[in-house]
Every structure is written in structure tokens, then in C-alpha cells.
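Student: Here my numbering is used: the first residue of the sequence shown is 2, the next is one more, and so on. Every residue gets a Cβ at the ideal spot worked out from N, C-alpha and C, and that includes glycine.
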Amino acid sequence: AAARIASSDEDDASSNGDDEDSLDFDPSYYDNTDEDMLDGASADCRSQPQHQEYETLSVPQVEQLLNEAVEAACSALELRPATARRLLIAYNWNLAALETEWRRDRRAVMQKARILPPDPCVSGAQRPPLGAPMPKPQVMQPGIACQICCLPTSPNVTVKGLACGHVFCTDCWQAYVATQLQASKADVQCMERDCALLATDDLVLACLTDPAVRRRFHEVSFRAQISSHPQLAFCTRSDCTGVLRAKQRDARLVVCAQCKSAFCFACGLDYHAPTDCALIKRWLLKCRDDSETANYISAHTKDCPKCGVCIEKNGGCNHMQCFKCRFDFCWVCLGDWRQHGKDFYECSKYKENPSMLSEAAAGAQAREALRKYLHYFTRWDNHGKSLRLEADALKKIRDRIEERVMLSEGTWIDWQYLIVAAEMLRRCRYTLQYTYPYAYFLPKGHVRKELFEYQQVSLS
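#1: Can you check the region 421-445 for any alpha helix (DSSP H) of at least 4 residues that lies completely inside it and give the ranges in chain order?
#2: To the nearest angstrom, how far is it from the Cα of PHE330 to the Cα of CYS305?
#3: Quick one: Cα of SER23 to Cα of GLN434, how far?
#4: Between which two residues does the beta strand (DSSP E) containing MET321 stretch?
#5: Using beta-carbon positions only, say whether PRO438 and TRP284 come within less than 7 Å of one another.
#6: Helix, strand or coil for ALA267, going by three-state DSSP, please let me know.
#7: Tell me TYR377's beta-bridge partners as DSSP assigns them.
#8: So what does TYR55 bridge to, in DSSP terms?
#9: If I follow the unbroken alpha helix (DSSP H) through ILE90, where does it start and stop?
#10: Quick one, which of CYS170, THR242 and LEU198 has its alpha-carbon nearest CYS208's?
#11: Determine, using beta-carbon pairs with one atom in the region 252-265 and one in the region 415-433, whether at least three such pairs fall under 8 Å.
#12: Tell me the start and end of each unbroken alpha helix (DSSP H) in the region 175-214 that is at least 4 residues and wholly inside, in chain order.
#13: Name the two residues that bound the continuous beta strand (DSSP E) containing ALA114.
#14: Assign PHE264 to one of two classes, buried (16 or more other C-beta atoms within 10 Å of its C-beta) or exposed (fewer than that).
#15: Contact check, THR57 vs LEU245 under 8 Å by CB: the rounded distance?
#16: Could you check whether ALA85 and ALA97 sit closer than 7 Å to each other, using their CB atoms as the reference points?
#17: So TRP413 packs on ILE398, CB below 8 Å; how close in whole Å?
#18: Among ALA200, CYS429 and ALA146, whose alpha-carbon lies nearest the alpha-carbon of LEU163?
#19: Mind the definition here: the region 85-95 touches the region 217-229 only if three or more C-beta pairs lie below 8 Å; say whether that holds.
#20: With a CB to CB cut of under 7 Å and the five nearest residues on each side skipped, what residues in its chain are close to THR436?
#21: Measuring straight from C-alpha to C-alpha, what distance separates CYS311 and PRO444?
#22: Return the bridge partner residues of VAL168 from the DSSP annotation.
#23: From GLU79 to ARG105, what does the alpha carbon distance come to, in whole angstroms?
#24: Look up VAL256 in the DSSP assignment and say whether it is helix, strand or coil.
#25: Would CYS326 pass as a contact of CYS308 if the rule is Cβ separation under 7 Å?
#26: Three-state secondary structure (DSSP) at ALA234?
#27: How many whole angstroms separate the CB atoms of ALA197 and ARG115, which I take to be in contact at a CB cut-off of 8 Å?
#28: Nearest-angstrom Cα distance between ILE281 and HIS273?
#29: Alpha carbon to alpha carbon, how far is ALA83 from ASP277? Give it in angstroms, no decimals.
#30: Is SER76 near the ligand PLP, in the sense that its beta carbon is under 6 Å from a heavy atom of that ligand?
#31: Which of the three DSSP states, helix, strand or coil, is assigned to PHE453?
#32: Based on the DSSP secondary-structure assignment, which residues constitute the bridge partners of ILE281?
#33: Under a three-way DSSP split, which group does GLU313 fall into?
#34: For LYS303, name the three-state secondary structure that DSSP assigns.
#35: Tell me, to the nearest whole angstrom, how far the beta carbon of VAL221 is from that of ALA187; I am working on the premise that it is less than 8 Å.
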């Protein structure tokens, strides 16, 4: 018999899909579907029942919206704009919650925003009273040296620090900020080890002299503010600058009015009803990584009983020889081939070996997990391929209609039913594709499973 050594992954993790987390499906999720969302049509969205729940804003409009929120916080809390912006980010731009906490304990608010260090790091003499104003970034007195380059303050060396007391020169600040911006990090943390305080925008901008670095900081900071805002989300298309605003960050379908891209407002992925955001992320990760490679190895390979190398049987009888140690053994019972007696080519032995039984059970479980995954992934993948083919077919239909119209064989309206039918079929297939991740993670015996799979098969 032929045998070959199979490459093995030490991670034998297999997914049984029996996790019950996040399986509650909201039936109203489908109600958020606009007629022209998935095909990016340019029809007026105001005719849709959900049009008032979100809108597409330009960058200047978003900047004005954020600045108005900062001005309101400055007026209500009597703060500088940079400090107010940092506090709003910490409280997810909820001014009402910020005001409530501010009246209760200003110091705790500043600590949550990482403007002040925790109480154990601040002495009683340094601790500000509840009514004290917010600390400002201070230019340190002459004689204090930068804690990075050790240069003392001078007319050419300015040292600045946060409320923690750690001070650094402007050159070190600028080099540090430039490095952070290369990684698209907007939060500029204190450079002292184990210090978590954040610098406000005014301190950062005061240290930046390079116009390119300043522009980059504004860009990264702007994106970070939008990411922290529960009602705002950037369009997922890389070349689009549109920002969508909704009443709340729900898992609902939205369409950018600038580029017509459709996506889920909550997670930014493609529209994925009935699968929720958490499950679709798990499914896509499972499809991307090689977690099923370990399942395949467990289901189709066995370890050599002598040296332990992973071996795959690719044909022939049960007589196996390890290519590494040349040990001859039986593929069925993994026993020494020389001790098989007369039953060389049909293993009829039965010995109750607990370790062998546990290995067999693990192999059977891995095979079942692999079979389940391939069942759902194959159908998921086939629908995705069909959608791409149907997009080409829709283009051909449009071309044929134009040809007929040019030949005076009816008007565009006369042939419109073909486009409507093709688009309806495409949308149905799109929704059906995302039922397979949902079904995969649906636990066995779930109250919905039998009916759900019955409807799924009927639509397939």
C-alpha cells in the first residue's frame, strides 16, 4: 500500500458550530432593505420608508457637526476646545452623559479621558479640587531637561509635558507623533513607559512644525473622531469620502449617496441579513484562515504508532509503512503488522483500548465537523460565484435591450420587466447566500433550525 507523510498543523481545533451566542435574529432586520440599495441605483431614496433614519454627509458637513458638539461642550462645561473634544471622545459624544458625570466628579471624568493620572499616582497636594479648571499643557521652566534626549531647556529647546509631570522637548514630541501617524494612531500617548495619559490636540499641534505632518494629524484625528461617534460611519469604499449618519449604530443596510456602495452600518461589512455582525465576522475569519486544515488532517490522517509522524493513506490495503521510521503497521488498528497473524489484509482484531477509543472518537468528531463546514461553505461559495455571473448576465440584458430599442422593437419601458426580474433574483440569491453562515452556527436542536433549513432548501 502507498502512504505518504502529510504536513500537519499542531492546532487540532475543530469547530462544531454549537455556539449559541448572538443567534437571536431580529425579524425587522429585513424591513430596513431599500429597493435600490443592493444594485446602487440612483433612484431617490426619499421614496423609501426608512429614508429618514440615515443620511450621507460630506467631510465639511461632518466637521461642522463635530465642531458644533465641541462648542456646546465648551459652553456647558467651560472648557477649552481641545479638552472638550477629548472628553466627548471618551464619552462617545454623549454630551448629556458627560455633563451628568462632570457635575458628579470632575476628576473621575478627566481620569476616564486619560487627561489626569489615576489617584494613586497623584499626591494629595497635586490633586485638584472638584471645582478646579482643567489642566493646561504647560511650557516647563528653564533648567528642566527632556526625558528622552536629556537636553535642558534653552531658547532653542522648549520642553512640554502633561498632567503626569513627564516632560519632553518639542523635537522629541514631533518625532514621536510622526511615528504614531505612520501607524494611523490618533491618540498620542505620553512617551514615559507605563504612562497612559493622552495629549490633547492643542499640545500636539504646538509641537508640529512640518506642514505635511500637521495635515496627516488632522486626517487621522478626524477619522478617529468619526470612529468614536456612534452615529457616524465612513463609507466603506476606499476612494469615497462620504460619511453616513444614522440615529443609532444598528445592524441595518445603508447606501452611500455619493458612490452608491451598500454595507452594514454597524460593522461596515457587506449587508449580511439574517446573519448578525458577530457571526458573519466569525464566519469570514473561518473562511480566511486555515482552521479547517487541522480538521482535514484529523479526519484523513493518522499518526505513526512508533515515531508519531502524521501519515495520510492515499490508496491500497491496510498495510502501511512509515516513510520516516520504516515501521510496518495496520492502518485500522495501528498495531504491528508482523503480529497480525493470518489476517494480513483484513483487520478482524478487537481489543478495547481506551486511548484508541478516544482517538477514534476524536477523529470521528473531526470528520463530522469538516463535513458540516464543507456543506455550508460549498453552498455559500457557489452562491457568491453565481452572483458574479448574474452581474455579467444583467449587463448583457441591458445591452440587448438597448439594441432592441435602437431597432424600434419596443421602448425601454417595455423591456424594463427583464431588468426588474433579474435584479429581484439577484437580491434573493444575495440574501440566500448569507443564510448559510447563520445555519452553520445554529445549534443542533435549536427551535428554529428545522423550519429554517426547510425554508432554506425550498428557496435553494
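Tutor: In brief:
#1: 436-442
#2: 8 Å
#3: Its pLDDT being 41, under 50, SER23 is placed unreliably in this model, and the value from its coordinates should be taken loosely. Distance between the alpha carbons of SER23 and GLN434: 19 Å.
#4: 320-322
#5: yes
#6: coil
#7: BP columns for TYR377 are empty, so no partner.
#8: ALA247
#9: 82-91
#10: CYS170
#11: no
#12: 202-208
#13: That residue, ALA114, is in no beta strand (DSSP E); it is neither H nor E in DSSP.
#14: buried
#15: 6 Å
#16: no
#17: No, TRP413 and ILE398 are not in contact; Cβ-Cβ is about 12 Å, not under 8 Å.
#18: ALA200
#19: yes
#20: PRO275 and GLN457
#21: 32 Å
#22: GLY162
#23: 16 Å
#24: strand
#25: yes
#26: strand
#27: 6 Å
#28: 7 Å
#29: 37 Å
#30: This structure simply doesn't include the ligand PLP, nor any ligand for that matter.
#31: helix
#32: Beta-bridge pairing links ILE281 to no other residue.
#33: strand
#34: strand
#35: 5 Å
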